[in-house]
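*Asks:* Structure in structure tokens, see below.
Protein chains: 2
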Amino acid sequence: MAVSRDQIIALAIRHLNGDPTASMAQIAEATGVSRATLHRYFTGREELLVVLGSRALDGWERVQRQAAIEEAAASADPERITTALHELLAGLVDDVQEHGFALTEHVMTKLPGLQERADELEGREIAFYLAAQRAGVLRSDLPVRWISNTVYGLLVAVRESLRRGDVARRDIERTLLDTFLRGTA
Amino acid sequence: MAVSRDQIIALAIRHLNGDPTASMAQIAEATGVSRATLHRYFTGREELLVVLGSRALDGWERVQRQAAIEEAAASADPERITTALHELLAGLVDDVQEHGFALTEHVMTKLPGLQERADELEGREIAFYLAAQRAGVLRSDLPVRWISNTVYGLLVAVRESLRRGDVARRDIERTLLDTFLRGTA
DNA sequence: TTCGTTTGAGACAATTCTGTTTCAAACGAT
DNA sequence: ATCGTTTGAAACAGAATTGTCTCAAACGAA
Chain H
1 MAVSRDQIIA
11 LAIRHLNGDP
21 TASMAQIAEA
31 TGVSRATLHR
41 YFTGREELLV
51 VLGSRALDGW
61 ERVQRQAAIE
71 EAAASADPER
81 ITTALHELLA
91 GLVDDVQEHG
101 FALTEHVMTK
111 LPGLQERADE
121 LEGREIAFYL
131 AAQRAGVLRS
141 DLPVRWISNT
151 VYGLLVAVRE
161 SLRRGDVARR
171 DIERTLLDTF
181 LRGTA
Chain C
1 MAVSRDQIIA
11 LAIRHLNGDP
21 TASMAQIAEA
31 TGVSRATLHR
41 YFTGREELLV
51 VLGSRALDGW
61 ERVQRQAAIE
71 EAAASADPER
81 ITTALHELLA
91 GLVDDVQEHG
101 FALTEHVMTK
111 LPGLQERADE
121 LEGREIAFYL
131 AAQRAGVLRS
141 DLPVRWISNT
151 VYGLLVAVRE
161 SLRRGDVARR
171 DIERTLLDTF
181 LRGTA
């Protein structure tokens with residue numbers, strides 16, 4: 001095989017990051033494979049998008065796991081929670097580079113199974129933010145879901161800043177953390 | 001006329017806020033007008049989108065003008081700049097409710113003339129943030145374009161929070177300002 | 001009421017995209 | 001070199017969308 005299924009997936013994700021509405025023909029061209037072969041690997045466009053969306057959710061889940069947010073939340077230890085928060089945001093920055101297309105594309109949320117899993121991952125993150133509030137790491141006077149949405153919105157800002165070259169890659173993690181925690185004033 | 005052109009525009013914007021990829025037939029149905037009439041008012045889909053995008057930019061420009069950000073920047077007065085910043089963000093919150101579809105739809109930025117105008121409005125806002133940094137209202141150790149992107153990202157968070165009912169409408173302006181200026185820690 | 005205008009419904013062609021199929025060429029392991 | 005597999009190119013039908021056109025009905029002002 002000239003191009004493996006995993007390669008196709010990776011290249012398709014990269015292409016969709018630049019053009020989220022690309023057709024099957026455009027995806028085929030971008031992945032260096034014919035349209036027929038693309039349909040041999042994936043039943044149809046919907047399955048392809050579900051697979052790509054699942055990869056994005058895999059990345060998100062991996063970030064949560066590597067940051068050990070559940071364990072940190074259970075410990076209720078401010079230091080551990082702080083460390084986990086830093087790792088979480090740093091991991092999300094990495095992930096937004098890889099799967100940025102899934103961030104604002106409303107199409108993804110309508111595919112079967114994806115929304116449920118996204119809700120579950122969001123739920124875990126909200127539980128973590130709640131623990132961070134209780135531990136005094138995050139402000140308790142803000143709705144925890146607003147905090148979660150803030151992270152999401154700031155990741156959109158990260159994606160745009162990197163795409164336009166407004167912030168250097170090596171500075172973006174610190175800048176994000178700093179803005180998230182301390183604000184801009 | 002049963003439905004005026006302005007009414008069509010308003011209803012189309014409202015509908016596209018919920019379904020940004022709606023077809024001409026769907027827009028026609030949502031605006032209470034036949035597809036033929038829709039094509040009598042607008043040359044084609046592209047012109048319709050340009051008109052809607054222009055309305056969104058009109059709203060943005062009006063917010064900037066009402067907040068008097070240029071005058072505040074020229075004054076270099078921290079208090080005036082602070083007031084203008086509050087008014088700017090409050091106005092943007094209002095506007096994101098009206099023209100939220102234009103916030104993340106990449107389609108809009110590809111239409112002729114729209115991107116240039118958006119860049120111009122963004123440029124004015126960046127000049128204002130720069131003045132705010134010089135006046136000590138905003139931190140100077142953050143790239144001014146990052147600050148601009150942060151506002152954009154937080155508006156995405158505002159749109160999501162309101163759509164999902166995570167934050168009450170009457171609280172959102174204060175919550176946004178507070179998070180933007182002081183952060184979440 | 002009458003007459004000019006506007007509208008809606010439908011038909012129509014053109015385009016685009018999806019998904020399937022066929023077949024010859026390229027490939028790869030033995 | 002040979003044989004079974006994989007691939008690409010092309011053709012095809014079906015669906016959806018866009019944009020145009022026609023014509024009868026509804027509308028509105030004089």
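Just so you know, the sequences run in chain order H and C. Going by the UniProt record's numbering, the first residue of the first sequence is number 1, and it counts up by one from there. Going by the UniProt record's numbering, the first residue of the second sequence is number 1, and it counts up by one from there. Beta carbons: idealized from backbone N, C-alpha and C, even for Gly. The structure displayed is predicted, hence computed values, not measured ones.
(1) Just mark Q66 (chain H) as buried or exposed, buried being the case when its beta carbon has 16 or more other beta carbons within 10 Å.
(2) Can A56 (chain H) and T31 (chain H) be called in contact, C-beta distance under 7 Å?
(3) Is D6 (chain H) buried or exposed, if buried means 16 or more other CB atoms sit within 10 Å of its CB?
(4) Any C-beta of chain H sitting closer than 7 Å to the C-beta of W60 (chain C)?
(5) In this structure, how does DSSP classify D58 (chain C) when only helix, strand and coil are distinguished?
(6) Between the segment 158–175 of chain H and the segment 90–98 of chain H, do three or more beta carbon pairs fall short of 8 Å?
(7) Leaving out the 5 sequence neighbours to the left and right, which residues in its chain are closer than 6 Å to T150 (chain H) when beta-carbon positions are compared?
(8) Smallest Cα separation from G100 (chain C): which of C:T43, C:G153 and C:L38?
(9) For the segment 13–33 of chain H, which residues have a CB atom closer than 9 Å to at least one CB atom of chain C, in sequence order?
(10) Interface residues of chain H around D166 (chain C) at Cβ under 7 Å?
(11) Have a look at V144 (chain C) and R164 (chain H) and give me their C-alpha separation to the nearest angstrom.
(12) Checking 7 Å against the spacing of the C-beta atoms, do L176 (chain H) and L89 (chain H) come in under that value?
(13) Does any residue of chain C bring its CB to less than 7 Å from the CB of G183 (chain H)?
(14) At the level of alpha carbons, what is the spacing between D166 (chain C) and E47 (chain H)?
(15) A73 (chain C) and I81 (chain C) look like a contact to me (Cβ under 8 Å); what is the Cβ gap, rounded to whole Å?
(16) Compile a chain-ordered list of the residues in the segment 84–100 of chain H whose CB is closer than 7 Å to at least one CB of chain C.
(17) Could you spell out where the alpha helix (DSSP H) holding E122 (chain H) opens and where it closes?
(18) Could you tell me the distance, in whole angstroms, from the CA atom of R62 (chain C) to the CA atom of T37 (chain H)?
(19) Where I69 (chain C) and L142 (chain H) are concerned, what is the direct C-alpha to C-alpha distance, given to the nearest angstrom?
(20) Relative to the C-alpha of G123 (chain H), which residue among H:V107, H:P112 and H:W60 is closest?
(21) How would you label Q115 (chain C), buried or exposed, when you count the other beta carbons within 10 angstroms and need 16 or more for buried?
(22) So which residues on chain C does T109 (chain H) lean against when the C-beta distance must stay under 7 Å?
(23) Any beta carbon from chain H within less than 7 Å of L57 (chain C)'s own beta carbon?
(24) Write down the C-beta distance between A185 (chain C) and A135 (chain C) rounded to the nearest angstrom, noting that I regard them as a contact closer than 8 Å.
(25) At which residue ranges does the segment 52–104 of chain C contain complete alpha helix (DSSP H) runs of 4 or more residues, listed in the order of the chain?
(26) Look at E125 (chain C) and S148 (chain C) and say whether their C-beta atoms are less than 7 Å apart.
(27) Ordered along the chain, which non-local residues of its own chain (more than five positions away) have a Cβ less than 7 Å from that of S140 (chain H)?
(28) Using CA coordinates, which residue listed in C:T21, C:A2, C:I8 and C:L16 is at the minimum distance from T107 (chain H)?
(29) At what residues does the alpha helix (DSSP H) containing T175 (chain H) begin and finish?
(30) Span of the alpha helix (DSSP H) holding W106 (chain H)?
(31) Beta-carbon within less than 6 Å of E105 (chain C)'s beta-carbon, same chain only, minus the 5 sequence neighbours each way: which residues are those?
(32) Buried or exposed for T179 (chain H), going by 16 or more other Cβ atoms inside 10 Å?
(33) Have a look at S34 (chain H) and L85 (chain C) and give me their C-alpha separation to the nearest angstrom.
(34) For the putative contact between L52 (chain C) and L103 (chain C), defined by C-beta atoms under 8 Å, what is the C-beta separation to the nearest angstrom?
*Replies:* In this structure, then:
(1) Within the first sequence, numbered from 1, the residue matching residue 66 (chain H) stands at position 66. Burial call: exposed.
(2) Numbered from 1 along the first sequence, position 56 holds the residue referred to as residue 56 (chain H). Numbered from 1 along the first sequence, position 31 holds the residue referred to as residue 31 (chain H). No, the Cβ-Cβ distance between A56 (chain H) and T31 (chain H) is not below 7 Å.
(3) Numbered from 1 along the first sequence, position 6 holds the residue referred to as residue 6 (chain H). Its Cβ having fewer than 16 others within 10 Å, D6 (chain H) is exposed.
(4) Position 60 of the second sequence holds residue 60 (chain C). No - not a single Cβ of chain H is within 7 Å of the one on W60 (chain C).
(5) If you number the second sequence from 1, residue 58 (chain C) lands on position 58. Note: D58 (chain C) maps to helix in three-state DSSP.
(6) yes
(7) One-based indexing of the first sequence puts residue 150 (chain H) at position 150. If we look at T150 (chain H) and ignore the five residues flanking it on each side, it has no Cβ neighbours.
(8) As a working note, residue 100 (chain C) is residue 100 in the second sequence. Of C:T43, C:G153 and C:L38, the residue nearest in Cα terms is C:G153.
(9) D19, P20 and T21
(10) By one-based count along the second sequence, residue 166 (chain C) stands at place 166. Within chain H, the residues near D166 (chain C) are P143, R145, W146 and N149.
(11) Along the second sequence, read from residue 1 onward, the residue named residue 144 (chain C) stands at position 144. Along the first sequence, read from residue 1 onward, the residue named residue 164 (chain H) stands at position 164. One C-alpha to the other measures close to 13 Å.
(12) Your numbering for residue 176 (chain H) matches position 176 in the first sequence. Your numbering for residue 89 (chain H) matches position 89 in the first sequence. Taking 7 Å as the Cβ cut-off, L176 (chain H) and L89 (chain H) qualify as a contacting pair.
(13) Locating residue 183 (chain H) in the first sequence gives position 183, where the first residue counts as 1. Chain C, which has a Cβ nearer than 7 Å to the Cβ of G183 (chain H), makes this yes.
(14) Mapped onto the second sequence, residue 166 (chain C) falls at position 166. Mapped onto the first sequence, residue 47 (chain H) falls at position 47. So the two alpha carbons sit approximately 31 Å from each other.
(15) In the second sequence, residue 73 (chain C) corresponds to position 73, counting from 1. In the second sequence, residue 81 (chain C) corresponds to position 81, counting from 1. With a Cβ gap of about 7 Å, A73 (chain C) and I81 (chain C) count as contacting.
(16) none
(17) In the first sequence, residue 122 (chain H) corresponds to position 122, counting from 1. Its alpha helix (DSSP H) spans residues L114 to R134.
(18) Taking the first residue of the second sequence as 1, we reach residue 62 (chain C) at position 62. Taking the first residue of the first sequence as 1, we reach residue 37 (chain H) at position 37. Taking the straight line from one Cα to the other gives about 51 Å.
(19) In the second sequence, the residue the question calls residue 69 (chain C) occupies position 69. In the first sequence, the residue the question calls residue 142 (chain H) occupies position 142. Taking the straight line joining both Cα atoms gives about 28 Å.
(20) Counting from 1 along the first sequence, the entry for residue 123 (chain H) is found at position 123. Answer by Cα proximity: H:W60.
(21) Here residue 115 (chain C) refers to the residue found at position 115 when the second sequence is read from its first residue. Q115 (chain C) should be labelled exposed.
(22) The count along the first sequence starts at 1 and reaches residue 109 (chain H) at position 109. None at all; the shortest Cβ gap to chain C is about 11 Å.
(23) Within the second sequence, numbered from 1, the residue matching residue 57 (chain C) stands at position 57. By this cut-off, L57 (chain C) is not an interface position.
(24) Counted from its first residue, the second sequence places residue 185 (chain C) at position 185. Counted from its first residue, the second sequence places residue 135 (chain C) at position 135. So it is not a contact: roughly 24 Å between Cβ atoms.
(25) 69–75, 78–99 and 101–104
(26) As a first step, residue 125 (chain C) is located in the second sequence; it is residue number 125 there, counting from the start. As a first step, residue 148 (chain C) is located in the second sequence; it is residue number 148 there, counting from the start. Against a cut-off of 7 Å, the Cβ pair of S148 (chain C) and E125 (chain C) comes out as a contact.
(27) Counting from one through the first sequence, the residue named residue 140 (chain H) turns up at place 140. Around S140 (chain H): Q133.
(28) Sequence index remark: in the first sequence, residue 107 (chain H) carries index 107 (1-based). The question names Thr, yet the displayed sequence has Val at residue 107 (chain H). Checking every option, the nearest Cα to that of V107 (chain H) belongs to C:T21.
(29) Reading the first sequence from its first residue, position 175 is the one you call residue 175 (chain H). Looking at the DSSP string, the run of the alpha helix (DSSP H) that includes T175 (chain H) is R169 to R182.
(30) Walking along the first sequence from the start, residue 106 (chain H) turns up at place 106. Looking at the sequence shown, residue 106 (chain H) is not Trp but His. Premise fails: H106 (chain H) is in no alpha helix (DSSP H) and is neither H nor E.
(31) The sequence position of residue 105 (chain C) within the second sequence is 105, counting from 1. Excluding sequence neighbours, E105 (chain C) sits near P20.
(32) Position 179 of the first sequence, counted from the first residue, corresponds to residue 179 (chain H). The residue is buried, with at least 16 neighbouring Cβ atoms inside 10 Å.
(33) The residue given as residue 34 (chain H) occupies position 34 in the first sequence. The residue given as residue 85 (chain C) occupies position 85 in the second sequence. Near 53 Å, if we compare the C-alpha coordinates of L85 (chain C) and S34 (chain H).
(34) Indexing the second sequence from 1 puts residue 52 (chain C) at position 52. Indexing the second sequence from 1 puts residue 103 (chain C) at position 103. Between L103 (chain C) and L52 (chain C) the Cβ distance is about 13 Å, and since that is not below 8 Å, they are no contact.
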